[in-house]
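**Q**
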Amino acid sequence: MVPETLSREPLAWLKARARVVEAESGSPEFAAAMSVAQGLAVRTYTRVDRGLLDALPKLRVVGRAGVGLDNIDLEACAHRRIQVVHTPDANTQAVVEYVTSLLCWSYRSVEFLDGPLELPAWEAVRSTHVAPRQMDELTLGVLGVGRVGTRFAAVARAIGLRVLCNDIDEAARARAPGAEWVSADQLFRDSDAITLHIDGRPSNHGVVNRDLLSVMRSDALFINTSRGMVVDHESLARHLRANPRSRAILDVHDPEPFTATNPLLGLPNAHLAAHLASRTRTAMTNMSWVVRDLIAVLEGRTPEFPASPR
């Protein structure tokens with residue numbers, strides 16, 4: 001069962017090894033195959049919950065074409081002895097590139113010309129594009145030092161930023177050599193820019209709350225490409241309204257797509273994107289190759305990337 005789009009080559013590989021039903025969850029085609037389905041390959045927006053699992057009596061494996069498992073009830077799957085597999089490193093490079101581009105866009109403006117200018121106009125353009133600080137004068141806070149956080153911390157240090165890190169896993173310290181390990185409170189207090197790379201486990205819901213945001217600098221840049229639910233958006237909107245020099249860039253939201261009730265809409269210093277961080281052709285193909293582990297489970301072999309309950 002494939003209710004969301006997979007990349008062409010992995011999908012063709014899967015079709016050579018199994019009967020594949022491509023149909024949205026809730027469609028008649030999906031419903032017609034539910035009683036016999038043994039495997040389910042999902043991306044971001046199919047909710048694999050108890051209700052869906054109850055309707056899939058022969059299901060043996062769920063493949064998440066991606067990293068996060070927020071849309072999959074791991075406990076319910078484990079209770080039914082359904083294996084869950086995913087692609088934990090498939091989009092690391094894509095997300096790191098995306099966050100790097102957001103950082104550069106935020107601190108270095110660019111204006112391209114579509115024709116020749118006289119010297120006064122030429123100088124006027126140059127005078128309006130003077131960055132107040134170079135990035136090697138800034139402090140970056142990285143909240144969450146997993147695969148993406150680790151790689152981005154290294155990129156930021158290579159550019160010249162001072163890097164502060166925090167993670168609930170003490171073992172993460174070893175993954176960010178050269179960075180300074182601080183409390184989350186100090187990270188928000190001392191950083192010129194903050195980027196989130198934390199997962200969606202229940203204990204992280206709303207972890208970026210009023211208390212943390214209240215100590216964030218009045219001109220700080222805040223970037224979230226991790227999970228929408230980890231941020232208290234009302235408190236973030238309150239901070240942005242009170243501090244017009246502060247900016248927030250959010251690529252992920254809760255819910256997705258966001259609705260007209262989102263408190264960040266209409267704020268000139270809030271920039272909302274449509275979950276684009278992993279949208280490179282390479283990353284999308286890498287994530288779709290979860291079908292290899294899906295077939296491995298169905299053939300009785302050990303998958304390479306089993307998902308572990310948090």
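Under my numbering, read the sequence shown as residues 1 to 310, first letter to last. Cβ atoms here follow ideal geometry from the backbone N, Cα and C, with glycine treated the same way. Being a predicted model, the structure only gives us computed values, none of them experimental.
#1: Give the straight-line distance between the Cα atoms of cysteine 77 and serine 214, rounded to the nearest whole angstrom.
#2: Do you know how far the Cα of serine 35 is from the Cα of valine 99?
#3: Does the distance between the C-beta of histidine 79 and the nearest non-hydrogen atom of the ligand HEM fall short of 7 Å?
#4: I think valine 148 touches threonine 92, with their Cβ atoms under 8 Å apart; what is that distance to the nearest whole Å?
#5: To the nearest angstrom, how far is the alpha carbon of aspartate 169 from that of leucine 119?
#6: Figure out for me which residue from Ala174, Ala237, Arg279 and Pro306 has the closest Cα to the Cα of aspartate 293.
#7: Name the DSSP bridge partner or partners of asparagine 262?
#8: Please report the straight-line C-alpha distance between valine 21 and threonine 46, rounded to a whole angstrom.
#9: Closer than 7 Å by C-beta to valine 95: which residues in its own chain qualify, once you throw out the five before and the five after it? Chain order, please.
#10: Would you give the residue range spanned by the beta strand (DSSP E) that phenylalanine 222 belongs to?
#11: Which whole-angstrom value is the C-beta distance of threonine 285 and glutamate 9, which I expect to be below 8 Å?
#12: Provide the residue(s) that pair with proline 116 in DSSP beta bridges, ordered along the chain.
#13: Return the bridge partner residues of glutamine 83 from the DSSP annotation.
#14: Can you list, in chain order, the residues of its chain with a C-beta nearer than 6 Å to that of phenylalanine 311? Leave out the 5 residues immediately preceding and following it.
#15: Specify the secondary structure class of glycine 39 as computed by DSSP and reduced to three states.
#16: From the DSSP secondary-structure annotation, give me the bridge partner or partners of cysteine 165.
#17: Using three-state DSSP, classify valine 2 as helix, strand or coil.
#18: Tell me whether proline 306 sits in a helix, a strand or coil according to DSSP, three-state version.
#19: Apply the 10 Å Cβ neighbour rule to aspartate 232 and answer buried if 16 or more other Cβ atoms are within range, or exposed otherwise.
#20: With a CB to CB cut of under 8 Å and the five nearest residues on each side skipped, what residues in its chain are close to leucine 212?
#21: Under the three-state reduction of DSSP, which class applies to threonine 44: helix, strand or coil?
#22: Measuring straight from C-alpha to C-alpha, what distance separates asparagine 71 and isoleucine 295?
#23: Just to confirm, are aspartate 49 and aspartate 73 a CB contact at a threshold of 8 Å?
#24: Rank Arg281, Thr280 and Asn262 by C-alpha distance to the C-alpha of leucine 272 and give the top, closest one.
#25: Once the 5 residues before and after leucine 56 are set aside, which same chain residues still bring their CB inside 6 Å of it?
#26: From the DSSP output, which residues share a beta bridge with threonine 195?
#27: To the nearest angstrom, how far is it from the Cα of histidine 275 to the Cα of alanine 124?
#28: Apply the 10 Å Cβ neighbour rule to serine 203 and answer buried if 16 or more other Cβ atoms are within range, or exposed otherwise.
#29: Could you name the residues of the same chain whose beta carbon sits closer than 6 Å to that of histidine 253, not counting the 5 residues immediately before and after it, in chain order?
#30: In whole angstroms, what separates the C-alpha of glutamate 137 from that of aspartate 199?
#31: Whole-angstrom Cβ separation of aspartate 192 and arginine 217, contact assumed at under 8 Å?
**A** Reading off the structure:
#1: For cysteine 77 and serine 214, the distance between alpha carbons rounds to 39 Å.
#2: 42 Å
#3: Judged by which ligands are present, the structure shown has none, so any question about the ligand HEM falls away.
#4: 5 Å
#5: Their Cα atoms are separated by approximately 56 Å.
#6: Pro306
#7: Asparagine 262 pairs with nothing; no bridge assigned.
#8: Valine 21 and threonine 46: Cα-Cα distance of roughly 15 Å.
#9: Excluding positions up to five away in sequence, the list reads Val148, Thr225, Ala277 and Ser278.
#10: 221–224
#11: Threonine 285 to glutamate 9, Cβ: 7 Å. Contact.
#12: In DSSP, proline 116 forms no bridge with anything.
#13: Val61
#14: This structure cannot settle anything about residue 311, because the visible part of the chain is limited to 1 through 310.
#15: strand
#16: Answer by DSSP bridge pairing, in chain order: Val142 and Trp181.
#17: strand
#18: strand
#19: buried
#20: Answer for leucine 212: Ala184, Asp185 and Phe188, listed in chain order.
#21: coil
#22: 21 Å
#23: Cβ distance < 8 Å, so aspartate 49 and aspartate 73 count as in contact.
#24: Asn262
#25: Once the five neighbours on either side are set aside, the close Cβ partners of leucine 56 are Met34 and Ala37.
#26: Paired residues: Val142 and Ile223.
#27: 36 Å
#28: exposed
#29: Gly228
#30: 29 Å
#31: 7 Å
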